[in-house]
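Trainee: Using our numbering, the first residue of the sequence shown is number 732, and each one after it goes up by one. Think of the CB as a built atom: it goes at the ideal place given N, C-alpha and C, for glycine as much as any other residue.
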Amino acid sequence: MFQHMFTSMNEVLDGITKQYPQASEQERMDYLQQVAELKKMSDSFIEQWLDFEEKVSDFQDSVTVVGQLAGSDPSSTDAAPSGEQKEQSCNSGIETHTCNMEDLVIPEEADLLIQKGQGYYKLFMFSHAAGLFQDAISIAPECNLARLFLGMSQMHMQNWQEAQRQFQLLIVLSDFPKWLALGYNALGCIHAVHMNIAQAEKLFRKAYEVYPSFTDSLSNLKSCQETPGQLSLYFGSTELCCM
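#1: With a threshold of 7 Å, establish whether the CB of residue 863 neighbours any heavy atom of the ligand ADP.
#2: Suppose contacts are defined by Cβ-Cβ distances below 8 Å. Is residue 886 in contact with residue 858 by that definition?
#3: Whose C-alpha, out of 763, 917, 881, is nearest the C-alpha of residue 946?
#4: Can you tell me which of the three DSSP states residue 886 falls into?
#5: Sorted by chain position, which residues of the same chain lie with C-beta nearer than 6 Å to residue 862's C-beta, five sequence neighbours on each side aside?
#6: Ignore the nearest five residues each way along the sequence and tell me which others in residue 751's own chain have a CB closer than 6 Å to its CB.
#7: Count the CB pairs spanning the segment 925 to 932 and the segment 902 to 917 that are closer than 8 Å, and state whether there are at least three.
#8: Specify the secondary structure class of residue 942 as computed by DSSP and reduced to three states.
#9: Relative to the C-alpha of residue 845, which candidate in 865, 854, 856, 855 has its C-alpha closest?
#10: Would you decide whether residue 951 is buried or exposed? Buried here means 16 or more other CB atoms lie within 10 Å of its CB.
#11: Output the distance between the C-alpha atoms of residue 922 and residue 871, rounded to the nearest integer angstrom.
#12: Would you call the CB atoms of residue 919 and residue 934 closer than 8 Å?
#13: Rounding to the nearest angstrom, what Cα-Cα distance links residue 898 and residue 851 in this structure?
And the structure:
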């Protein structure tokens, strides 16, 4: 997944480098902001990698000690994963070619498009991301991970009608509670934006019912009830950035 993330980041930086000399003052400011975000993400990856390397080293040291005390070779330990562990899920956001839960096996081409789209999404380049998620859905219409990201991308671009269509399809096609909550919550936000407050509140309650751990829906419900003229809405985008 990180390989595709860095591929996306390099493509963005190459585009900025090419366009910067002819850009207007405002465009240059925007480009500099994007480069700063790229650098921030790169630094974060490096810190995570160093932390991971340290943990791996600690683990290997501990396994060696245990192996010596037990008089056994740690490399002979049966660490083969179970069938359930081998099966990777499209719903979990892990790079994969197999989708459990309600999704089916998807082609590798669609999987690569989703990973690349996630890279653009995390860079806030939602138009680029939406195109890739749409291409993934064209190849694998049953993959709800791509549909969820597409809906969120359309929300960020304020393409309310298209976002609503994707989330309506999501709640019909999915039975994964967290995704259903994200779908109901996003639909509630769309209704709230159009001042359909009663329907928005109903959808926020539904989101909380299916997945109480997703607290954005309660925050949105409270916002509708207390300050309907000045709504502060959370449609779950940060949940996807953690995938």
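Mentor: In short, the structure shows the following:
#1: In the structure on display, the ligand ADP does not appear, and there are no ligands present to speak of.
#2: Going by C-beta atoms, residue 886 is not nearer than 8 Å to residue 858.
#3: Of 763, 917, 881, the residue nearest in Cα terms is 917.
#4: Residue 886 sits in a helix when the DSSP states are folded into three classes.
#5: Setting aside the 5 residues that flank it on each side, residue 862 has no residue in the same chain whose C-beta is closer than 6 Å to its C-beta.
#6: Cβ neighbours of residue 751 beyond the five flanking positions: 762.
#7: Contact between the segment 925 to 932 and the segment 902 to 917 is absent, with fewer than three C-beta pairs closer than 8 Å.
#8: The answer is coil: DSSP assigns residue 942 none of H, G, I, E or B.
#9: For the set 865, 854, 856, 855, the Cα lying nearest the Cα of residue 845 is the one of 865.
#10: Residue 951 comes out buried.
#11: Whole-angstrom Cα-Cα distance: 29 Å.
#12: Contact annotation: residue 919 and residue 934 have beta-carbon atoms nearer than 8 Å.
#13: So the two alpha carbons sit approximately 20 Å from each other.
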